[in-house]
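K.L.:
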Amino acid sequence: MLLVVHLITLEEHKQGDNKGVDVMGELLEDGLGLMVLGMGFVFLFLVILIYATSYMSRLLNHLFPELPPVTSSSAMPKSSDKSVVDAQMVAVITAAVHQHRNNKNVNS
């Protein structure tokens, strides 16, 4: 039976009845057209997105420029004050650790 169907389609093909081939070609052509159109829209969207983000970046840098960090000599501690601050910091840390340990023993 399969051989009979194959022979019939072969005879129709020889006679020039190519309706099935033409329909398939039209479908492939339409599919390729839609693919190119879709890829074109995606490419166009990405190009617009790149320009929009670069424009927004320049606009924000123009409206809100970065200020250089201010370094003043009065903000720097002197070497003699540094040892006093370190001693004070050690005392504060020691008191905090002592209080934490006492609270931990009370809660247990």
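Each residue of the sequence shown is one higher than the last, beginning at 7 in the numbering used here.
Positions of the beta carbon are idealized from the N, C-alpha and C atoms, including for glycine.
Because the structure is a prediction, the values reported are computed rather than measured.
Beta-carbon within less than 8 angstroms of residue 109's beta-carbon, same chain only, minus the 5 sequence neighbours each way: which residues are those?
P.N.:
Scanning its chain for C-beta atoms nearer than 8 angstroms, with the 5 sequence neighbours on each side dropped, one finds no residue around residue 109.
K.L.:
How many Å lie between residue 94 and residue 77 at the Cα?
P.N.:
Distance between the alpha carbons of residue 94 and residue 77 is about 25 angstroms.
K.L.:
Tell me whether residue 78 sits in a helix, a strand or coil according to DSSP, three-state version.
P.N.:
coil
K.L.:
Under 7 angstroms Cβ to Cβ from residue 75, same chain only, skipping five residues before and after it: list those, please.
P.N.:
Cβ neighbours of residue 75 beyond the five flanking positions: none.
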